[in-house]
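Shown next, in structure tokens, is the structure this report addresses.
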Amino acid sequence: MTQSEHETRTVLVTGATGRTGSRVAAAARAAGLTVRAASRSGAVPFDWADPGTWDAALAGADGAYLAYPSDIGAPDAEAAVGTLARRAMELGVRRTVLLSARGEDQARPAEEALAAAGGDWTVLRCAWFHQNFSEGPLREQVSGPELVFAAPPELREPFLDVRDIADVTVAVLDAPDGRYAGRTLDLTGPELLTWGEALAAVAAATGTARTYLGVPAAAYGDALRGFGVPEDEVGFLVELFTTLLDGRNAALSGDVAEVLGRAPRAFGEFAEEAAAAGAWKTP
Numbered sequence: 132m133t134q135s136e137h138e139t140r141t142v143l144v145t146g147a148t149g150r151t152g153s154r155v156a157a158a159a160r161a162a163g164l165t166v167r168a169a170s171r172s173g174a175v176p177f178d179w180a181d182p183g184t185w186d187a188a189l190a191g192a193d194g195a196y197l198a199y200p201s202d203i204g205a206p207d208a209e210a211a212v213g214t215l216a217r218r219a220m221e222l223g224v225r226r227t228v229l230l231s232a233r234g235e236d237q238a239r240p241a242e243e244a245l246a247a248a249g250g251d252w253t254v255l256r257c258a259w260f261h262q263n264f265s266e267g268p269l270r271e272q273v274s275g276p277e278l279v280f281a282a283p284p285e286l287r288e289p290f291l292d293v294r295d296i297a298d299v300t301v302a303v304l305d306a307p308d309g310r311y312a313g314r315t316l317d318l319t320g321p322e323l324l325t326w327g328e329a330l331a332a333v334a335a336a337t338g339t340a341r342t343y344l345g346v347p348a349a350a351y352g353d354a355l356r357g358f359g360v361p362e363d364e365v366g367f368l369v370e371l372f373t374t375l376l377d378g379r380n381a382a383l384s385g386d387v388a389e390v391l392g393r394a395p396r397a398f399g400e401f402a403e404e405a406a407a408a409g410a411w412k413t414p
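Here the numbering used here is used: the first residue of the sequence shown is 132, the next is one more, and so on.
Here it is, written out as structure tokens:
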């Protein structure tokens with residue numbers, strides 16, 4: 132597309148203050164797209180739980196990035212994604228990109244709801260994020276001497292940088308020929324690491340020893356209760372981790388390289404950059 136065509140295009144980014152949405156918004160702006168950064172308390176009000184906020188956010192956009200909180204596999208995600216996607220089509224939003232989870236069977240109904248709405252839809256099935264170590268509920272533990280999580284010590288995961296998710300999203304939304312329409316892309320990083328090996332990369336980047344302790348999902352559920360997580364959410368997460376952390380994702384995909392023409396970012400690179408930015412500094 133030409134620069135002038137870029138300037139006439141508007142992309143709605145849901146969850147624009149979140150882990151992926153903020154990067155998608157930044158990458159879209161860098162690509163010359165007009166970004167409508169939407170969130171519950173932002174300049175463009177948008178709340179998945181309040182359909183009354185949807186039309187104003189969607190009207191005039193021709194592309195949308197959809198990130199459903201708190202998890203795409205949550206019981207209410209299918210209805211919300213399907214209803215929003217249908218409304219988006221009615222308002223002329225021709226391309227939609229849905230953030231989904233690799234290996235998460237619970238996410239399939241929401242993916243199917245997006246496809247059923249029509250238009251040029253694309254699903255991004257993403258592995259665990261690099262940034263799960265530097266942002267969100269695990270960061271405090273990663274900053275200390277020990278990380279306790281429900282992943283078995285021997286489990287290998289193709290950890291993925293959220294900046295690569297953002298770059299793929301923009302490439303999909305901006306593709307002049309719509310080549311990714313109707314596709315489900317499988318996004319992974321370039322290597323398989325155990326959670327302990329990933330934590331060791333953080334330790335090397337910070338110069339401070341760290342230990343990983345894997346516990347059964349049920350035991351991690353007890354820890355979540357101790358953190359004050361609501362019981363219904365604890366039940367969902369325990370069920371999710373029991374299936375998702377069984378080794379089903381221990382394989383690499385070439386979809387990031389196909390879309391971007393380069394390899395995905397490695398975890399060690401991320402750890403060095405995050406450490407330099409002070410991600411794991413303790414008070």
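Virtual Cβ for every residue (Gly too), placed ideally from N, Cα, C.
Neighbourhood of residue i by C-beta, 8 Å cutoff - its chain only, sequence neighbours within 5 removed
i, result
"residue 178", "171 and 184"
Of the residues the options, the one placed nearest residue i, counting alpha carbons only
i, options, result
"residue 406", "371, 357, 335 and 391", "335"
"residue 332", "349, 214, 301 and 402", "402"
"residue 206", "306, 371, 161 and 158", "371"
"residue 400", "190, 222 and 261", "261"
"residue 404", "368, 337 and 380", "337"
"residue 238", "363, 270 and 201", "201"
Inter-residue CB distance, residue i and residue j (contact presumed, cutoff 8 Å)
i, j, result
"residue 376", "residue 286", "6 Å"
"residue 199", "residue 144", "Not really, about 13 Å apart at Cβ, beyond 8 Å."
"residue 150", "residue 294", "That belief does not hold up - the Cβ atoms of residue 150 and residue 294 are roughly 11 Å apart, past 8 Å."
"residue 320", "residue 219", "Contact doesn't hold; Cβ gap of about 30 Å is too wide."
"residue 291", "residue 361", "Between residue 361 and residue 291 the Cβ distance is about 28 Å, and since that is not below 8 Å, they are no contact."
"residue 209", "residue 176", "That pair is no contact at about 24 Å."
"residue 341", "residue 276", "6 Å"
Proximity below 8 Å, CB of residue i to CB of residue j
i, j, result
"residue 204", "residue 232", "yes"
"residue 391", "residue 298", "yes"
"residue 324", "residue 288", "yes"
"residue 227", "residue 314", "no"
"residue 142", "residue 192", "yes"
"residue 156", "residue 168", "yes"
"residue 265", "residue 410", "yes"
"residue 222", "residue 190", "yes"
"residue 258", "residue 380", "yes"
Same chain, Cβ closer than 6 Å to residue i, neighbours up to 5 away in sequence not counted
i, result
"residue 343", "278, 326, 327 and 330"
"residue 211", "179"
"residue 283", "345"
"residue 384", "317 and 319"
"residue 242", "231 and 254"
"residue 373", "348"
"residue 148", "170"
Strand pairing of residue i, partner residues [DSSP]
i, result
"residue 249", "DSSP, once it has assigned bridges, lists no residue as partnering residue 249."
"residue 343", "278"
"residue 288", "324"
"residue 256", "231 and 317"
"residue 357", "Bridge partners of residue 357: none, in fact."
"residue 196", "144 and 228"
Residues of its chain near residue i, where Cβ-Cβ distance is below 7 Å and the 5 sequence neighbours each way are ignored
i, result
"residue 365", "352, 355 and 356"
"residue 302", "390 and 391"
"residue 248", "213, 216, 217 and 220"
Closer than 8 Å to chain C by CB, residue i
i, result
"residue 197", "The chain labelled as chain C is not found in the depicted structure, where only one protein chain is given."
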